[in-house]
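Q:
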Amino acid sequence: MKRIVLIAGFESFNADLYRQAAQVAISRCPELDIRVFSDRDLTAKPDEVATALQDADVFLPV
59 MKRIVLIAGF
69 ESFNADLYRQ
79 AAQVAISRCP
89 ELDIRVFSDR
99 DLTAKPDEVA
109 TALQDADVFL
119 PV
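Position one of the sequence shown corresponds to residue 59 (my numbering), numbered consecutively onward.
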């Protein structure tokens, strides 16, 4: 399984759109694990973000 982690920074208002796109990608390619966070999650959910990044194959800062 490949894990992709996306953190939306300046464009955090698009985070829901990125999450929807991730769900479409996962539905077409179930072996993907795509995690979408906003820059606010770095403060609100630091452990969850750190765990996702730890095993990530790809990191996309947006």
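By construction, the Cβ of each residue, glycine as well, lies at the ideal position given by its N, Cα and C atoms.
Just checking my contact of Arg61 with Ala114 at CB under 8 Å: how many whole Å lie between their CB atoms?
A: 5 Å
Q: Can you tell me the Cβ-Cβ gap for Ala66 and Val120, rounded? I've got them flagged as a contact below 8 Å.
A: The pair is a contact, with the Cβ atoms about 5 Å apart (cut-off 8 Å).
Q: Quick one: is Ala83 buried, meaning 16 or more other Cβ sit within 10 Å of its Cβ, or exposed?
A: exposed
Q: Would you grab the beta carbon distance between Val63 and Leu111 for me? Rounded to a whole angstrom, and I think it's under 8 Å.
A: 6 Å
Q: Using three-state DSSP, classify Arg98 as helix, strand or coil.
A: coil
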